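In UniProt numbering, the protein residues as written are 1 to 92.
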């Protein structure tokens, strides 16, 4: 996951926490945390995650795609969180 940008990692976490969100739903969810995200930033990054095998893309209907975590994406988040815990530890 180290080859991903911070924004791409954030997208993975948003997708992992939702059930087959559309691109628009992802845009709305991530915009709440990082500020307004335009289509020109969102969709190329989603496409990169699909191309790299972190996310699967399907169709809700002819106009709306959905995104879901792939096995690689799930495993990468687990590995990333383990890595974070080793370096940061528990801050509670």
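Note that beta-carbon positions come from the ideal geometry of N, C-alpha and C, so glycine has one too.
Since the model is a prediction, treat every value here as computed from it, not as a measurement.
The segment 51–65 makes contact with the segment 14–29: 3 or more CB pairs, one atom from each, lie closer than 8 Å.
In this chain, the beta strand (DSSP E) harbouring residue 59 covers 55–59. Collapsing the DSSP output to three states places residue 69 in a strand.
When Cβ pairs closer than 8 Å are counted between the two stretches, the segment 34–47 is seen not to touch the segment 78–87, the count staying below three. Within the model, the alpha-carbon separation for residue 26 versus residue 58 is close to 14 Å.
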